[in-house]
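Under the working numbering, think of the first position of the sequence shown as 122, with each following residue one higher. Backbone N, C-alpha and C define an ideal beta-carbon position, used for all residues, glycine too.
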Amino acid sequence: MVEQTKIFKVGAKKYEVDSYGFLVDPRQWDENYAEALAEELEIPDGLTDKHWKIIRFIRNFIIQNNVCPNIYTTCRNFKLKLKDLQKLFPTGYHRGACKLAGLTYKEGYVKYYYWDNVKKPVTEQSMEKIYHVDCNGFLLSPEEWDEQFAICKAIELKMQNPLSEKHWNVIKFLRNFYKKFDKLPNIYETCEVNNLDIADMEMLFPDGYHRGAVKVSGLRLS
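Take a look at the structure:
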């Protein structure tokens with residue numbers, strides 16, 4: 122299903138937005154867009170310095186971390202209470218601050234990933250894909266796995282984002298081993314082949330070998 126988009130016009134410039142009014146391409150964002158959008162988001166007196174500090178923080182955060190900061194991170198950074206944030210962005214954090222920053226959670230998580238050392242874009246279709254998982258979040262069928270599943274699962278597990286070459290090497294090894302032998306390699310085999318010690322593995326997959334590396338790889342103990 123192709124998402125319907127519309128045009129948000131500011132002067133002579135046109136911005137493509139989705140059905141919820143969020144920018145389709147965050148790279149289109151500029152300050153004129155934010156200023157024009159503010160009144161629609163119940164900020165009739167325009168954006169103040171306090172607004173701009175938060176908007177720029179969100180944009181800089183995603184450039185540095187490739188993920189949109191959650192509301193807790195933003196409030197903690199500016200020492201804001203919930204009522205302070207509400208006064209600044211009456212329509213909410215996601216539908217207020219993030220929208221003004223030209224981001225959504227869907228667009229903000231990750232725009233690309235690396236596979237075989239090639240930079241590849243995350244498509245709209247892959248962001249909407251449904252995966253079948255068990256009650257613990259493990260993929261029921263390894264055949265359903267794709268790179269987007271790994272990316273989304275890594276975000277869910279609060280891992281490094283985007284996934285590094287070391288992450289992908291482990292993931293590929295696990296999946297190739299399982300495909301060849303129809304079983305999971307143990308952590309010793311995985312560490313040996315990938316030249317990792319236990320501290321390296323913990324840094325890559327903080328939730329553990331099974332609940333981290335194996336889960337992100339779309340596999341599980343049967």
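I'd like to check one pair, residue j with residue i: are the Cβ atoms closer than 8 angstroms?
| i | j | result |
| --- | --- | --- |
| Phe-129 | Lys-220 | no |
| Lys-171 | Leu-209 | yes |
| His-331 | Leu-342 | yes |
| Lys-274 | Lys-336 | yes |
| Phe-178 | Asn-191 | no |
| Val-138 | Val-145 | yes |
| Asp-328 | Leu-278 | yes |
| Ile-175 | Thr-195 | yes |
| Ala-334 | Phe-326 | yes |
| Asn-290 | Asn-307 | no |
| Gln-149 | Tyr-136 | yes |
Could you check what DSSP says for residue i in three-state terms: helix, strand or coil?
| i | result |
| --- | --- |
| Leu-206 | helix |
| Tyr-233 | Confidence at Tyr-233 is low in this model, with a pLDDT of 46, below 50, so its placement is unreliable and the value that follows should be read with caution. Three-state DSSP puts Tyr-233 in a strand. |
| Ala-260 | At residue 260 the sequence reads Leu, which differs from the Ala that was named. Three-state result, Leu-260: strand. |
| Leu-342 | coil |
| Leu-317 | coil |
| Leu-221 | helix |
| Leu-201 | coil |
| Leu-144 | strand |
| Ile-179 | helix |
| Asn-153 | helix |
| Pro-190 | coil |
| Tyr-226 | A caution first: Tyr-226 carries a pLDDT of 45, below 50, which makes its placement in the model too unreliable to give a value. |
| Leu-305 | coil |
| Ile-276 | helix |
| Leu-168 | coil |
| Val-123 | Caution applies to Val-123, whose pLDDT of 47 falls short of 50 and renders its modelled position unreliable; the value that the coordinates give is listed next. Correct three-state label for Val-123: coil. |
Bridge partners for residue i per DSSP, in chain order?
| i | result |
| --- | --- |
| Phe-129 | Tyr-136 |
| Val-254 | Leu-260 |
Compute the beta-carbon to beta-carbon distance between residue i and residue j, rounded to the nearest angstrom, for a pair I have assumed lies under 8 angstroms.
| i | j | result |
| --- | --- | --- |
| Gly-223 | Tyr-154 | 7 angstroms |
| Arg-296 | Ser-338 | 5 angstroms |
| Met-322 | Cys-312 | 6 angstroms |
Taking 8 angstroms as the threshold, find out whether the stretch 176–196 comes into contact with the stretch 251–266 through three or more Cβ pairs.
no
Tell me, please, whether the stretch 157–169 touches the stretch 196–208 by the rule of three or more beta-carbon pairs shorter than 8 angstroms.
no
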